[in-house]
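Chains X and V, in that order, are what the protein sequence lines are. Residue numbers for the first sequence follow our numbering, so the first one is 729 and each next one is one higher. Residue numbers for the second sequence follow our numbering, so the first one is 729 and each next one is one higher.
There are 2 protein chains.
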Amino acid sequence: MGLAGLRIVLVEPAGPINVGSIARVMKNFGFNHLVLVNPQCDPLSPEALQMAVHAKDVLESAVSVATVPEALQGCTRAIATTARVRNWDSPLENPRTALPWLLEKPEQPAALIFGREDRGLSNEELNYAQRFIRIPTSSSYPSLNLATAVGICCYELAQTDAEKKDAETMRHGDAQKENVPASPCPRVLVSDNEPAPLDILEEYYQHLESLLLKIGYLYPHTAASRMEKFRQLYNRTQLQTKEVGMLRGILRQVEWALENRNNREGF
Amino acid sequence: MGLAGLRIVLVEPAGPINVGSIARVMKNFGFNHLVLVNPQCDPLSPEALQMAVHAKDVLESAVSVATVPEALQGCTRAIATTARVRNWDSPLENPRTALPWLLEKPEQPAALIFGREDRGLSNEELNYAQRFIRIPTSSSYPSLNLATAVGICCYELAQTDAEKKDAETMRHGDAQKENVPASPCPRVLVSDNEPAPLDILEEYYQHLESLLLKIGYLYPHTAASRMEKFRQLYNRTQLQTKEVGMLRGILRQVEWALENRNNREGF
């Protein structure tokens, strides 16, 4: 089920701009199951639809219910979000620590619950969840916009999901290794974009040194120590083969300009 | 300087709702330095102020400039955000991997650059940055709202900052246990070895371009795209101030050799 099955539950949302923005960011990160508890605005109002842009389908398929327990029907795991720290004994966890738990049983429905823009969730509503998260914010202005909070949580969940899939692919890849030739490179690179072989680099350094001696930038007795600095600089950047080609092109063109100095004007 | 010193740079933002939301989320996560490049809307319009809620001070102290280089003046590190993957050779990194780099030198100004709502940053604008991030999104609707993207990046940076502070507190505690003052800085760096400010880099690129045009390596109609490759190469390597000095020394020496071509022998 994964992200697509995870319910994003909004309790009494009042701002259509927020609801529309939330639909958009849900779709951006692969979510599509929006549940509204007693919404205080029309999720299909022009403002909501405008903010949703290409996520109107998320708004159109949103489910409205009367209470939090109805929104959680069938779920085995629920996390509630809160900004409050008073009159609340349960630990408030960091999203990065707690949210991955929602994805641990992908075959079972799970929910992430957000409260009202102005006063969040009541203690009674919080208590329908098993864990509680608070996005850490600055004490000078701690209150996040609702859509921002949903966006950050969707982003965190999508990161967790991607890491899980990467880990699975790697495990799967390991199993396949016995019969199937390994993929040449995990990153998509064409050959010219690959790091240059060291002998190509060495030819460039030799060429650079000989030109710098010729034009009087280097002196024979200090050339080696100066060239060390250039080697460090270019080695650090991991030059690609085509970049070495470009740099040698400059050297050749300088040589050409110097050799043709008597035949040209304008320098 | 930390989060408060980090510049959030918006290039030609057009939506006052976005700009206001961005001011709010910046303040939520401890940022206050907003720079607008040629803004296409009034950052103090009623809609922007309404979305900012208690972050009007961030909008009021926002700086408007005409170009990206002006926005980056004095910065030594800049990361640009992009959604595009076409016609772009440099790697697009995950925010979680790349953003902590902006906080590594808290005493030096750094910037995080976001493009236009509808078409992001041009390649020329991207190339003022040294690293590039893309927030991973669903292929079914990859385009994030601008304020959502800024919010996620501010959240990531604040998480990194909090983790750093936690680690420092722990180290400090350990050091005190033994009655030994903590080492002030693990790496010894003198000023010349530090990353070159971006305006010094820009002067080098201008100098390189003008010389390459003069010697016929570049042609006016293709200079910009060719120079992009060199910018990517040198930005990737994080040139130190003294290295830029060495590279400019080569350019000056080549110019000298060309100018004195009639008075010298041996080329």
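Glycine included, every Cβ here is placed at the ideal spot set by N, Cα and C.
Within chain X, the residues placing a beta-carbon under 8 Å from that of V:A890 are P864, ordered along the chain.
For V:A952, the closest alpha carbon among the candidates V:I943, V:S938, V:P834 is that of V:S938. With respect to the C-alpha of X:I750, the residue from X:R976, X:Y856, X:Q778 having the closest C-alpha is X:Q778.
Excluding its 5 nearest sequence neighbours in each direction, V:K784 has C-beta neighbours in its own chain below 7 Å: L777, listed in chain order.
For X:N855, no Cβ of chain V is located within less than 8 Å of the residue's own Cβ. Below the 9 Å Cβ cutoff, chain V contributes no neighbours of X:H761, its closest Cβ being approximately 14 Å away. One finds nothing in chain V with a Cβ atom closer than 7 Å to the Cβ of X:T950; even the nearest lies about 13 Å away. For V:T965, the C-beta contacts it makes with chain X under 8 Å involve L961, Y962, R964, T965, in order along the chain.
Straight-line spacing of the CA atoms in X:C803 and V:N873 works out to 30 Å. Think of a sphere of 8 Å around the beta carbon of X:I978: the chain V residues whose beta carbon falls inside it are L940, Y945, in chain order. In the three-state reduction of the DSSP assignment, V:A732 falls in the helix class. The straight-line gap separating the alpha-carbon atoms of X:L731 and V:P823 is approximately 20 Å. The alpha carbon of V:L946 has as its nearest neighbour, out of X:N921, X:L975, X:L926, X:L946, the alpha carbon of X:L975. For V:I978, no pairing in a beta bridge is given by DSSP. Under the three-state reduction of DSSP output, V:S850 falls in the coil class, being neither helix nor strand. Within the same chain, Cβ atoms closer than 8 Å to the Cβ of V:T795 are found at V765, N766, the five residues on either side in sequence being excluded.
Scanning its chain for C-beta atoms nearer than 6 Å, with the 5 sequence neighbours on each side dropped, one finds around X:K755 the residues A783, V786, in chain order. Within the stretch 827-888 of chain V, the beta strand (DSSP E) runs of at least 3 residues that lie entirely inside it are, in chain order, 838-842, 859-861. Against X:E971, the close residues of chain V are K957, L961, in the order they occur along the chain (beta-carbon pairs closer than 8 Å).
Per DSSP, reduced to three states, the secondary structure at V:P923 is strand. Of all residues in the stretch 925-937 of chain V, none has a C-beta nearer than 7 Å to a C-beta of chain X.
Per DSSP, the beta bridge partners of V:S792 are V:L764.
Beta-bridge pairing by DSSP links X:T809 to X:I861. If you draw a straight line from the Cα of V:L936 to the Cα of V:Q768, it comes to about 33 Å. Assignment of X:E798 by DSSP, reduced to helix, strand and coil, places it in the helix class. Comparing C-alpha distances from V:A808 to each of V:R735, V:F860, V:E821 shows the shortest one belongs to V:F860. Annotation for X:V791: V763 place their beta carbon closer than 6 Å to its own, counting only its chain and skipping 5 residues before and after. In this structure, DSSP gives X:E740 a state outside helix and strand, which the three-state scheme calls coil.
Among the residues facing chain X, V:M898 is not included, as its CB has no counterpart in that chain under 8 Å away.
One finds L939, I943, Y945, V982, A985, L986 in chain X with Cβ atoms closer than 9 Å to the Cβ of V:V982, taken in chain order. Contact check for X:Q968 against X:E922 passes: the beta carbons are separated by less than 8 Å.
Annotation: V:Y869 to V:L734 spans about 30 Å, alpha carbon to alpha carbon.
By the neighbour-count definition (other C-beta atoms within 10 Å, threshold 16), X:Q934 is an exposed residue. By alpha-carbon distance to X:A742, the top candidate from X:F842, X:L979, X:R899 is X:F842.
With fewer than 16 other CB atoms across the displayed protein chains lying within 10 angstroms of its CB, X:H949 is exposed. If you draw a 10 Å sphere on the C-beta of X:P925, you find fewer than 16 other C-beta atoms in it, and that means exposed.
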